[in-house]
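**Q** Just passing along the structure, written as structure tokens.
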Amino acid sequence: MLHGLRKWASSKYAAVLIVLLVVSFAIWGIGDFAVTGGSNVVEGNNIRVTQNEYVRAFERTRRGLERQQGRGISIAEARQIGLDQGVAQELAAQAVLEDFYKETGFAAPASLIAKTILDMPDFQDANGKFSQDLFVATLRSNGFDEEEAQKVLGFSLKQDAYSNFLLRTGGQSQAIANFLWANNNLQATYLEKLVSVDVQAVNREQIQKYFDDNQDSYQQPATHRLRVLTIDKDALTKQMRDDFSEEELRSFFEEQKQVFAAPERRDILQYRINADANIDDVLSQIRANTAIDQLEGAVGLKLDARTQDSLPLDVANVVFSLEEGGISEPVSTALGRLIFKIERIIPAAAPEFDNVVDEIRTQMSENTLPERLENMFNDIDDAVASGTKLDEIKNIPGLVVEDRTIEQDGLAQGLGTDDASIIDQVVSQLPGDEPLGFVRDDLVPIFVSKLAVTDARPATFDEVSAQVAKDASAAQTREAREQAVKDALDDFSGIEPQTKSRVELSQLYPASFVARLLSQTEPQIFRLSDDQAVLLQITSLTQDNSTASQALVEAVSSELIGEGQNDLLDDLVKRENPQILVGNLEQALSRFSQ
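For reference, each letter of the sequence shown is one residue, going 30 to 623 in the working numbering.
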């Protein structure tokens with residue numbers, strides 16, 4: 030993750046948002062789960078990670094993995110691969126570092142964060158201008174709100190500042206020494222052994238004992254019984270669509286006709302040039318109209334009816350600058366060198382009103398929705414101020430009034446806002462107080478009236494016995510895993526050696542682990558989950574005299590940052606003593622089953 034944060038300074042800014050919390054499962058020196066009280070998932074001397082922060086990070090990470098792998102990943106599967114522990118460790122490490130940066134003056138001013146966001150190409154429109162809509166859409170599609178994105182970027186900028194400090198003072202830094210030693214294209218021959226134990230079964234007596242030993246860890250959270258008034262945006266939008274007169278629709282159509290026009294499209298032939306091909310020979314064949322399946326030195330692909338917006342920006346600029354029959358010069362892209370030929374240009378077409386009337390209704394309702402929601406908020410607020418109760422408010426399109434019971438740490442998620450001041454007001458609200466009104470992140474009005482409060486209390490064994498059984502089993506499984514690791518460390522006999530480059534190893538394991546593996550003589554342990562670990566023993570290191578690739582440079586840079594942060598974290602963790610509270614973590618994850 031630390032290397033990903035640094036890549037905010039590279040060309041793939043928005044990609045960082047997508048994979049920011051896809052954990053590397055690095056061992057930060059933060060111990061196994063602790064069993065103290067409170068309601069936070071992580072607590073230390075000066076830091077904390079709330080259940081709500083943890084839930085958002087866990088869900089964002091899980092969805093990021095789904096996008097990476099192109100398939101659904103259930104909560105159970107995510108936990109099976111250790112995502113629950115990994116996210117908690119990452120958040121603990123980040124909180125410890127944030128506290129250090131604050132203490133030592135590594136700052137990221139709001140003006141610098143804003144400038145960095147405005148300069149990010151991934152948030153700019155086709156004209157190179159910052160697009161707020163694109164920015165918000167990118168964040169939301171990846172599970173972030175604007176405040177979180179600014180916090181993430183601020184952390185990245187502080188991390189860059191600290192990394193630059195390491196470089197400037199590298200003469201006395203072990204991380205820099207490791208970096209200079211590692212700046213060779215090493216090939217590692219090593220032995221790899223998987224240690225796996227059975228998930229340990231526990232009986233009722235063991236479960237009861239685990240509960241008695243860790244009772245402070247199990248809490249029934251404070252809950253708030255709320256009457257919530259909100260607006261069903263879909264129902265409101267549907268009514269708004271139906272309310273527009275034909276005169277209004279036709280007037281809007283005449284003003285915005287170009288918006289509804291079918292854009293210009295082009296039939297394109299794309300040729301990807303082979304690495305060893307002669308470009309002039311390939312161009313000669315293209316000019317001679319050689320069939321794409323008979324072309325030598327390139328692979329042809331037919332792309333029909335492509336709009337400018339459907340193509341990558343650099344490709345679109347080339348393709349839409351050509352006349353019909355035109356052939357481009359070779360263009361360097363992520364797919365290699367490409368040549369484009371325009372077979373046919375399909376001109377933009379003016380639409381008929383009747384063919385786009387549904388689109389017109391949709392566009393008009395979207396345009397007027399923010400103002401409509403603002404007016405509705407004001408109307409409801411006036412009614413509340415005059416003494417009207419929430420369940421007495423009627424005749425508002427899309428109106429929904431319902432009673433909800435929400436755990437205190439789940440208020441932000443349950444009410445759709447991350448504004449801490451609003452959550453504090455909801456928590457402090459008493460039954461009988463005037464309803465609290467605010468606007469949700471998606472502009473929808475919310476009014477909340479407190480009905481009742483149930484304080485947090487210690488859980489009884491019967492209330493949490495199922496979870497205690499899982500925790501007791503996990504604890505014993507970890508003990509069995511560590512014993513199996515200890516037994517296996519001295520025996521690598523019968524294992525076939527493997528040889529991989531530094532870059533290949535960095536694709537399998539976190540860069541910081543690879544750096545440690547290559548610089549130590551004793552076997553290294555990579556813990557996969559409660560029941561599995563991998564043991565690796567380097568047998569020899571050799572140098573590859575080939576030129577360092579960009580992938581190698583990135584891998585070594587990643588190791589530099591990882592090693593530097595690990596050097597720092599060793600000291601910070603001892604001072605801060607962050608603990609992951611197993612009961613509260615389980616309580617946070619239980620929201621997904623509600």
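Note that the Cβ used here is the ideal one computed from N, Cα and C, for glycine as well.
Could you check what DSSP says for Leu351 in three-state terms: helix, strand or coil?
**A** Position 322 of the sequence shown, counted from the first residue, corresponds to residue 351. Coil.
**Q** Excluding the 5 residues preceding and the 5 following Gln114 in the sequence, name in chain order all residues of the same chain whose CB lies nearer than 6 angstroms to its CB.
**A** Position 85 of the sequence shown, counted from the start, is the residue given in the question as residue 114. Excluding positions up to five away in sequence, the list is empty.
**Q** Looking at the secondary structure, which residues open and close the beta strand (DSSP E) in which Arg469 lies?
**A** Locating residue 469 in the sequence shown gives position 440, counting from the first residue. Arg469 -> no beta strand (DSSP E), and no H or E assigned at all.
**Q** Is Pro607 helix, strand or coil when you go by DSSP?
**A** Start at 1 with the first residue of the sequence shown, and residue 607 comes out as number 578. In the structure shown, Pro607 sits in coil (DSSP, three-state: anything other than H, G, I, E or B).
**Q** What residue range does the beta strand (DSSP E) around Leu278 cover?
**A** Residue numbering aside, residue 278 sits at position 249 when the sequence shown is read from its first letter. Element bounds for Leu278: not the beta strand (DSSP E) but the alpha helix (DSSP H), Glu275 to Glu284.
**Q** What ranges does the beta strand (DSSP E) occupy inside the stretch 244-272, keeping only unbroken runs of at least 3 residues that lie completely in it?
**A** Segments of the beta strand (DSSP E) lying fully in the stretch 244-272: 252-260.
**Q** Do Lys426 and Gln268 have their CB atoms nearer than 8 angstroms?
**A** Locating residue 426 in the sequence shown gives position 397, where the first residue counts as 1. Locating residue 268 in the sequence shown gives position 239, where the first residue counts as 1. Residue identity check: residue 426 is Pro in the sequence provided, not Lys. In contact: Pro426 and Gln268 (Cβ atoms closer than 8 angstroms).
**Q** So does the stretch 438-449 actually touch the stretch 393-413, counting three or more Cβ pairs closer than 8 angstroms?
**A** With the cut-off at 8 angstroms, the stretch 438-449 and the stretch 393-413 do not touch.
**Q** Determine the DSSP secondary structure at Ile374, reduced to helix, strand or coil.
**A** Numbered from its first residue, the sequence shown carries residue 374 at position 345. In the structure shown, Ile374 sits in a strand (DSSP, three-state: E or B).
**Q** Thinking C-alpha only, which one of Asn346, Ala503, Glu605 and Arg279 is nearest Val228?
**A** In the sequence shown, residue 228 corresponds to position 199, counting from 1. Of the candidates Asn346, Ala503, Glu605 and Arg279, the one whose C-alpha sits nearest the C-alpha of Val228 is Ala503.
**Q** Would you report the Cα separation of Ile308 and Ile302, rounded to the nearest angstrom?
**A** Residue mapping note: residue 308 aligns to position 279 of the sequence shown, counting from 1. Residue mapping note: residue 302 aligns to position 273 of the sequence shown, counting from 1. Near 7 angstroms, if we compare the C-alpha coordinates of Ile302 and Ile308.
**Q** Given that a residue counts as buried once 16 or more other Cβ atoms are within 10 Å of its Cβ, and exposed if not, what is Lys25?
**A** Residue numbering for the chain in the displayed model covers 30 to 623; residue 25 lies beyond these limits and cannot be assessed.
**Q** What is the C-beta distance between Ala517 and Tyr83, in whole angstroms, given that I count them as a contact (C-beta under 8 angstroms)?
**A** As a position in the sequence shown, residue 517 is number 488, starting the count at 1. As a position in the sequence shown, residue 83 is number 54, starting the count at 1. About 33 angstroms separates the two Cβ atoms, so there is no contact after all.
**Q** Which one or two residues does DSSP pair with Ala217 in a beta bridge?
**A** As a working mapping, residue 217 is identified with position 188 in the sequence shown. Ala217 pairs with Lys529 and Leu570.
**Q** Should Ala105 and Val70 be called a contact, given that it needs their Cβ atoms to be closer than 8 angstroms?
**A** Taking the first residue of the sequence shown as position 1, residue 105 is located at position 76. Taking the first residue of the sequence shown as position 1, residue 70 is located at position 41. Contact flag unset, no.
**Q** Between Ala345 and Asp333, what straight-line distance do the alpha-carbon atoms span, to the nearest angstrom?
**A** As a first step, residue 345 must be located in the sequence shown, where it is residue number 316. As a first step, residue 333 must be located in the sequence shown, where it is residue number 304. Their backbone Cα atoms lie some 14 angstroms apart in a straight line.
**Q** Taking Glu436 as part of the beta strand (DSSP E), name the residues at either end of that continuous run.
**A** Indexing the sequence shown from 1 puts residue 436 at position 407. Run containing Glu436: Leu428 to Glu436, per the beta strand (DSSP E) assignment.
**Q** Apart from the five residues just before and just after Ala107, which ones in its own chain have a Cβ nearer than 6 angstroms to its Cβ?
**A** Here the question's residue 107 lines up with position 78 in the sequence shown. Cβ within range, chain order: Arg91.
**Q** Taking 8 angstroms as the threshold, find out whether the stretch 286-301 comes into contact with the stretch 370-383 through three or more Cβ pairs.
**A** Yes, they touch.
**Q** By a C-beta neighbour count over all protein chains shown, 10 Å radius and 16 as the cutoff for buried, is Ala490 buried or exposed?
**A** By 1-based counting over the sequence shown, the position of residue 490 is 461. It is Phe, not Ala, that sits at residue 490 in the sequence shown. That one is exposed.
**Q** Among Asp453, Lys479 and Lys262, which has the Cα closest to the Cα of Arg401?
**A** Translated into the one-based positions of the sequence shown, residue 401 becomes position 372. Ranking the options by Cα distance to Arg401, first place goes to Lys262.
**Q** Which term fits Ala317, buried or exposed, when burial requires 16 or more other beta carbons within 10 angstroms of its beta carbon?
**A** By 1-based counting over the sequence shown, the position of residue 317 is 288. Counting Cβ neighbours within 10 Å, Ala317 comes out exposed, since fewer than 16 surround it.
**Q** Is it the case that the Cβ atoms of Gln235 and Thr528 are separated by a distance below 8 angstroms?
**A** Within the sequence shown, the letter at position 206 stands for residue 235. Within the sequence shown, the letter at position 499 stands for residue 528. No.
**Q** In angstroms with no decimal places, state the Cα-to-Cα distance between Gln505 and Glu88.
**A** As a working note, residue 505 is residue 476 in the sequence shown. As a working note, residue 88 is residue 59 in the sequence shown. Taking the straight line joining both Cα atoms gives about 27 angstroms.
**Q** Pick out the complete beta strand (DSSP E) segments inside the stretch 138-179, 3 residues or longer, and give them in chain order.
**A** Segments of the beta strand (DSSP E) lying fully in the stretch 138-179: there are none.
**Q** Inspect the CB distances between the stretch 245-256 and the stretch 346-365 and report whether three or more fall short of 8 angstroms.
**A** Segments in contact, no.
**Q** How long is the line joining the alpha carbons of Ser202 and Arg556, rounded to whole angstroms?
**A** One-based indexing of the sequence shown puts residue 202 at position 173. One-based indexing of the sequence shown puts residue 556 at position 527. Caution is warranted here: a pLDDT of 45 is assigned to Ser202, below 50, making its placement in the model unreliable, and no coordinate value can be reported.
**Q** Note down the Cα distance separating Ala414 from Glu463, rounded to an integer number of angstroms.
**A** Stepping through the sequence shown from its first residue, residue 414 is reached at position 385. Stepping through the sequence shown from its first residue, residue 463 is reached at position 434. C-alpha separation (whole angstroms): 8 angstroms.
**Q** Taking Lys331 as the reference, which of Ala320, Tyr191 and Glu325 has the closest Cα?
**A** Counting from one through the sequence shown, the residue named residue 331 turns up at place 302. Closest by alpha carbon: Ala320.
**Q** Buried or exposed for Lys479, going by 16 or more other Cβ atoms inside 10 Å?
**A** Within the sequence shown, the letter at position 450 stands for residue 479. Looking at its Cβ environment, which holds 16 or more other Cβ atoms inside 10 Å, Lys479 is buried.
**Q** If you count every other CB in all the chains shown that lies within 10 Å of the CB of Glu119, and 16 or more means buried, which is it?
**A** The sequence position of residue 119 within the sequence shown is 90, counting from 1. Classification of Glu119: buried, given that the 10 Å Cβ count is 16 or more.
**Q** Do you know whose CA, among Ala122, Phe240, Glu525 and Arg433, lies nearest Asn75's CA?
**A** Against the sequence shown, residue 75 aligns to sequence position 46. Nearest C-alpha to Asn75: Ala122.
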